[in-house]
Amino acid sequence: MSKTDLSNRIRRLRFDHGEMTQQELAERVEVTRQTIIALEAGKYAPSLPLAFRIARVFGVAIEEVFQYDEDPGGD
Amino acid sequence: MNPQQKTARFNLIVISLALGLFAIAFMLLYQIAGPKAARGAFGLLGLLGLLGLSPLFYRRKHREQKVVLDERDGLIGQRASLIAGVVAYLYFVAACMVPWAVLRMRAGMSQNVSISIDWLPLILAGGALILMGTWSVAILVQYGKEAGDVED
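In the order they appear, the protein sequences are chains L and U. Take any residue in the first sequence, count from 1 to its spot, add 386: that is its number in the working numbering. Take any residue in the second sequence, count from 1 to its spot, add 2: that is its number in the working numbering.
In structure tokens form, the structure reads like this:
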């Protein structure tokens, strides 16, 4: 899957939450670890329910986890 | 490696094995006993029946393993199915049009052109192989692109 216009702070948030491992996060949001890896690498844009589940695990709003770059190549 | 990847790899191994053995047996029998005997090599294509074992990969090995496939795997599977469907459609178009065009050109304006009906099941089986083979390659390629990003 190609890179998306969606960036995220999942890696940062994991470390801020007691150095949570990718496996722990994957189990809590009910996906595979490979999906967390793809998300952190910006290679996969999650579904809305998954994005909400991830935000809830960290106890923050969804916008604090995911940012949409509307005009990645523009000014 | 998740069940989808295992299935794709298993499919490619079985297809390669069956087609490889078939090709070898066909050539040997053709050389030794002639064209009629060479038809016996088609029996080796029965090995393709092993493809039916792939659902075994979807069994859960450990009870604590809650998630085996998720939404991303589903999307990869859908994309692979779409690619395989398009390739299989193109194969069937070629399977219908190429013999028609070639035989029509050879026969000129004559209407008395025909092919053996024995080609029909072979074309169907070929389509199934193309479908499964393309699906498997598409699965492995999509997962392969994401490899190498492992970090904790």
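Quick reminder that beta carbons are idealized off the backbone N, C-alpha and C, glycines included.
- Message: If contacts are defined as beta-carbon pairs under 8 Å, then L105 (chain U) and I117 (chain U) qualify, I think. What distance do you get, rounded to the angstrom?
- Response: 7 Å
- Query: Going by C-alpha distance, which of U:K8, U:F44, U:Q33 and U:G87 is nearest L21 (chain U)?
  - Reply: U:F44
- Check distances from the C-beta atoms of the region 422-437 of chain L to those of chain U and list, in chain order, the residues that come in under 7 Å. I423, A424, A427, K429, Y430, S433 and L436
- Query: Quick one: Cα of E449 (chain L) to Cα of L425 (chain L), how far?
  - Reply: Annotation: E449 (chain L) to L425 (chain L) spans about 15 Å, alpha carbon to alpha carbon.
- Does DSSP put Y145 (chain U) in a helix, a strand or coil? Residue state, collapsed to three classes: helix.
- Closer than 9 Å, Cβ to Cβ, to anything on chain L: give me those residues from the region 74-85 of chain U, in chain order. R74, D75, L77, I78 and R81
- Item | Proximity of N182 (chain U) and L47 (chain U) at Cβ, strictly below 7 Å | Summary: the structure shown does not reach residue 182 (chain U), with chain U confined to residues 3 through 154, and so no result is reported for it.
- Cβ atoms of Q33 (chain U) and I78 (chain U): under 7 Å apart, would you say? no
- Beta-carbon gap between I132 (chain U) and A103 (chain U) smaller than 7 Å: no
- V69 (chain U) versus chain L: which residues are under 8 Å apart at the beta carbon? In chain order: A412, E413, E416, V417 and T418.
- How should L30 (chain U) be labelled, buried or exposed, when 16 other C-beta atoms within 10 angstroms of its C-beta is the threshold for buried? Here L30 (chain U) is exposed. Its C-beta has fewer than 16 other C-beta atoms within 10 Å.
- Message: Please confirm whether I141 (chain U) has its beta-carbon closer than 7 Å to some beta-carbon of chain L.
- Response: no
- Message: Using a Cβ-Cβ distance cut-off of 7 Å, determine whether D72 (chain U) contacts chain L.
- Response: yes
- At what residue ranges does the region 28-57 of chain U contain a whole run of the beta strand (DSSP E), taking only runs of 3 or more? none
- Could you tell me the distance, in whole angstroms, from the CA atom of E148 (chain U) to the CA atom of A140 (chain U)? 13 Å
- Look up Q453 (chain L) in the DSSP assignment and say whether it is helix, strand or coil. Q453 (chain L) sits in a strand when the DSSP states are folded into three classes.
- Query: What residues in its chain sit with their C-beta under 8 Å from that of G42 (chain U), if we drop five residues either side in the sequence?
  - Reply: A27 and L31
- Message: Any contact between the region 395-405 of chain L and the region 425-440 of chain L? By contact I mean 3 or more CB pairs, one from each, below 8 Å.
- Response: yes
- How many Å lie between G51 (chain U) and A10 (chain U) at the Cα? 15 Å
- Message: Nearest by alpha-carbon distance to Q409 (chain L): which of U:V70, U:I125, U:R108 and U:C98 is it?
- Response: U:V70
- From U:F59, U:E73 and U:S83, residue whose alpha carbon lies closest to that of Q7 (chain U): U:F59
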